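Novice: The following block contains the structure, expressed as structure tokens.
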Amino acid sequence: MHRADLELVLAIRAHGTLSAAALHLDITAPAVTKRLAAIERQLGQRLFLRTTRRVSATAEGDVVCEHAQTLLQGFQDMELDLQTRQAEPSGQIRLAATFGFGRLWLGPAVARFQQRHPRITVQLQLTEQLPDLAAEGYDGAVWLWAVQGRQASQWTSRQLAANQRVLVAAPAYLARHGTPARVEDLARHACLIARENGNSTGPRFDVWQLQHVQSGAPAKVRIQGPLASNSGELVRDWCVGGNGIMLRSLWDIAPLLTNGQLVRVLPDWAPAPAIVPAAFPSRRGLSPAVRRFLDYLGEAMPGRSGLSTRQALQGLDGANI
2 MHRADLELVL AIRAHGTLSA AALHLDITAP AVTKRLAAIE RQLGQRLFLR TTRRVSATAE
62 GDVVCEHAQT LLQGFQDMEL DLQTRQAEPS GQIRLAATFG FGRLWLGPAV ARFQQRHPRI
122 TVQLQLTEQL PDLAAEGYDG AVWLWAVQGR QASQWTSRQL AANQRVLVAA PAYLARHGTP
182 ARVEDLARHA CLIARENGNS TGPRFDVWQL QHVQSGAPAK VRIQGPLASN SGELVRDWCV
242 GGNGIMLRSL WDIAPLLTNG QLVRVLPDWA PAPAIVPAAF PSRRGLSPAV RRFLDYLGEA
302 MPGRSGLSTR QALQGLDGAN I
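Numbering (my numbering), first residue to last: 2 to 322.
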């Protein structure tokens, strides 16, 4: 079926008669009759029941019309995307993001994007608590944790990157306290607890859920330690200072692994990879500027340039990993 055929069956169902559909499509009624007959022969199904006064869709006709609406919407979305790509977008984009990822990764990406599109201005709000995006006038958020609650039903999420976390410690700490050989050994070590995005309904911060990177076997260990903070950057500094073992995203600590300030602990164990999602309104309601920005993020974010285990550790000293 061609696009014109899809438009034809929808016009017939919407207007109820072949003559009214012909008038809507600006063609003759005999042409509508002939084309409908050809479509039904091609599909091997009767799509409409004809009476002297009205045409009504059969069950098969309703199925074809529903698919026709979806396909035609796809055509329209494609044409709109092409039109917006041809025109240089303009306007303002308001974004929210978590502090660490927003500063280290999203901030530089935003600056590069704005240089490419000087008619677009970007306001990037870094925060540890996801704002009410719609009520506060945000166009989207790049968030390290899943959008939950009422906002989850109001916004669409799109995965930008994989967020791989690993266990690490400073060489000085391991020299003083030994290197864990088994997951169970973590329970007797000083573990540094990051209480980022803390809430009473979320996972426990003092329980680390791990899995074997090869077999996928799960392990759960309750950890303890004298230091905890809601600042992941502070916990990272404590770890570099030799105060304990931490669980941290590779995007944040890959340089420290490269220069030897931190080393991997239990490299065969890690949490299941999480995602870095972008939350935004339904794509049909996006402005051209936001569409262009989301397309850019899909290509620029470190999910394709450094967040996965293999990519983030590429080039690191084998002794550190």
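Cβ atoms here follow ideal geometry from the backbone N, Cα and C, with glycine treated the same way.
This one's a predicted model, so the numbers in the text were calculated from it and none came from an experiment.
Is the beta carbon of Leu257 sitting closer than 8 Å to the one on Val236?
Specialist: Sequence index remark: in the sequence shown, residue 257 carries index 256 (1-based). Sequence index remark: in the sequence shown, residue 236 carries index 235 (1-based). No, these two residues do not count as a Cβ contact at 8 Å.
Novice: Ile224 by DSSP, collapsed to three states: which one?
Specialist: Within the sequence shown, numbered from 1, the residue matching residue 224 stands at position 223. Note: Ile224 maps to coil in three-state DSSP.
Novice: In this structure, how does DSSP classify His118 when only helix, strand and coil are distinguished?
Specialist: Within the sequence shown, residue 118 is the residue found at index 117, counting from 1. DSSP places His118 in coil when its eight states are reduced to three.
Novice: Give the DSSP bridge partners of Leu96, in chain order.
Specialist: Start at 1 with the first residue of the sequence shown, and residue 96 comes out as number 95. Bridge partners of Leu96: Leu125 and Gly141.
Novice: Could you check if Met247 is buried or exposed, using at least 16 other CB atoms within 10 Å of its CB as the buried criterion?
Specialist: In the sequence shown, counting from the first residue as 1, residue 247 sits at position 246. Burial call: buried.
Novice: If you run the structure through DSSP and keep just helix, strand and coil, what is Phe281?
Specialist: What you label residue 281 is simply residue 280 of the sequence shown in a count that begins at 1. Strand.
Novice: Given this structure, state the Cα-to-Cα distance separating Gln77 from Leu287, to the nearest angstrom.
Specialist: Stepping through the sequence shown from its first residue, residue 77 is reached at position 76. Stepping through the sequence shown from its first residue, residue 287 is reached at position 286. Straight-line Cα distance between these residues: approximately 14 Å.
Novice: Looking at Leu193 and Asn260, is the spacing between their C-beta atoms short of 8 Å?
Specialist: Along the sequence shown, read from residue 1 onward, the residue named residue 260 stands at position 259. Along the sequence shown, read from residue 1 onward, the residue named residue 193 stands at position 192. No, they are not a contact pair.
Novice: Give the secondary structure of Leu324 by DSSP, where H, G and I count as helix, E and B as strand, and everything else as coil.
Specialist: For the chain, the structure presents residues 2 to 322; residue 324 sits outside this window and is missing.
Novice: Taking the alpha-carbon positions, what's the Gln116 to Thr29 distance?
Specialist: Against the sequence shown, residue 116 aligns to sequence position 115. Against the sequence shown, residue 29 aligns to sequence position 28. One C-alpha to the other measures close to 53 Å.
Novice: If Trp144 and Ala112 are in contact, beta carbons under 8 Å, what's the gap, nearest whole angstrom?
Specialist: Within the sequence shown, numbered from 1, the residue matching residue 144 stands at position 143. Within the sequence shown, numbered from 1, the residue matching residue 112 stands at position 111. Not really, about 20 Å apart at Cβ, beyond 8 Å.
Novice: For Leu161, which of helix, strand or coil comes out of DSSP?
Specialist: Within the sequence shown, the letter at position 160 stands for residue 161. Leu161 falls in the strand class under three-state DSSP.
Novice: Give a yes or no on whether the C-beta atoms belonging to Ala142 and Ala280 are separated by under 8 Å.
Specialist: As a working mapping, residue 142 is identified with position 141 in the sequence shown. As a working mapping, residue 280 is identified with position 279 in the sequence shown. Yes, these two residues count as a Cβ contact at 8 Å.
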